[in-house]
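Under our numbering, think of the first position of the sequence shown as 28, with each following residue one higher.
Worksheet: the structure to be examined is printed underneath.
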Amino acid sequence: MPFVEPVTLKGKYATLEPLVREHEADLRRAAADGELWRLWYTSVPAPDKTAPYIDAALRMREDLGAMPFVVRDNATGDIVGCTRYFNVDAANRRAEIGHTWYAKRAQRTAINTECKLLLLTHAFEKLKCVAVEFRTHWFNHASRDAIARLGAKQDGVLRNHQILPDGSYRDTVVFSIIENEWPAVKRHLTFLLERPR
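Below is the structure:
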């Protein structure tokens, strides 16, 4: 039995649904809101690359135990992004949350906070993870700030960690939340969601 199985995670603002090929048109529309593929330090698919992006995510699920999700905005019913569990290490009860992106209209809203709360709750309370990682590009300052706001701690920087499609090197910033930190992080995320908007 895989460590991470397909599951739908539903909150007040957002629902995470397992990614399927039928989500292609919805993801294309979401990425078009802000032309997110133009951000050189992210991996959001351009319109003509959406199908291969989905195929790669589904291969990662089948071959490596990852679990890609689409993010649905509960208020509108629209799909507004993607995220996934990956780098799954069942033997050591660890996973990474990443490949996360949102349509411009969903950025810096309760949707991202709630998605992280849903994913972390499932990871720590259902999967019994001992640690959950987040990684991002050194130059993705918005992502780094958002990860820190969750309550994750920066573990370090992997220098020249990856070679990007354009041949440049990516320095990767690694963050994590460990199991004994989870109760405080959960309280913090719940507090953020309950604040008046």
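From the three backbone atoms N, C-alpha and C, an ideal C-beta is built for every residue, glycine too.
* Identify whether residue 167 lies in helix, strand or coil by the three-state DSSP scheme. => In this structure, residue 167 counts as coil in the three-state DSSP scheme.
* Go through the region 148-212 residue by residue and report every complete run of the beta strand (DSSP E) that reaches 3 residues or more, in order. => Runs found: 158-164, 180-190, 196-205.
* Which runs of the beta strand (DSSP E) spanning at least 3 residues fall entirely within the region 52-123, listed in chain order? -> DSSP runs (the beta strand (DSSP E)) wholly in the region 52-123: 94-100, 106-116.
* To do: Check whether the region 120-133 touches the region 177-197, counting contact only when three or more Cβ pairs, one atom from each stretch, lie closer than 8 Å.
  => In short, these stretches do not touch, since the Cβ pair count stays below three.
* Extent of the continuous beta strand (DSSP E) run through residue 44 -> Element bounds for residue 44: 41-45.
* **Three or more C-beta pairs below 8 Å linking the region 50-62 and the region 97-108** => Segments in contact, yes.
* Is it right to say residue 140 is buried, meaning 16 or more other beta carbons lie within 10 angstroms of its own, or is it exposed? -> Burial check for residue 140: the Cβ neighbour count within 10 Å reaches 16 or more, so the residue is buried.
* To do: For the region 188-202 and the region 161-169, state whether three or more C-beta atom pairs, one from each stretch, are separated by less than 8 Å.
  => Judged by Cβ distances under 8 Å, the region 188-202 makes contact with the region 161-169, as three or more pairs qualify.
* Quick one: what's residue 37 bridged to in DSSP? -> Residue 37 is bridged to 42.
* Asked: Where does residue 140 fall in DSSP's three states?
  -> If DSSP states are grouped into helix, strand and coil, residue 140 belongs with the helices.
* Candidates 153, 188, 171, 169, of which the one nearest residue 209 by Cα -> For the residues 153, 188, 171, 169, the minimum Cα distance to residue 209 belongs to 153.
* Own chain, CB closer than 6 Å to residue 182, minus 5 neighbours either side, in chain order -> Cβ within range, chain order: 201, 203.
* In or out: residue 95 buried (at least 16 other Cβ within 10 Å) or exposed? -> By the neighbour-count definition (other C-beta atoms within 10 Å, threshold 16), residue 95 is a buried residue.
* **7 Å CB neighbourhood of residue 142 in its chain, flanking five on each side removed** => Apart from sequence neighbours up to five positions away, the residues of its chain that approach residue 142 with a beta-carbon distance below 7 Å are 41, 43, 98, 110, ordered along the chain.
* Where does residue 35 land, buried or exposed, given buried means 16+ other C-beta within 10 angstroms? -> By the neighbour-count rule (16 or more Cβ atoms within 10 Å), residue 35 is not buried but exposed.
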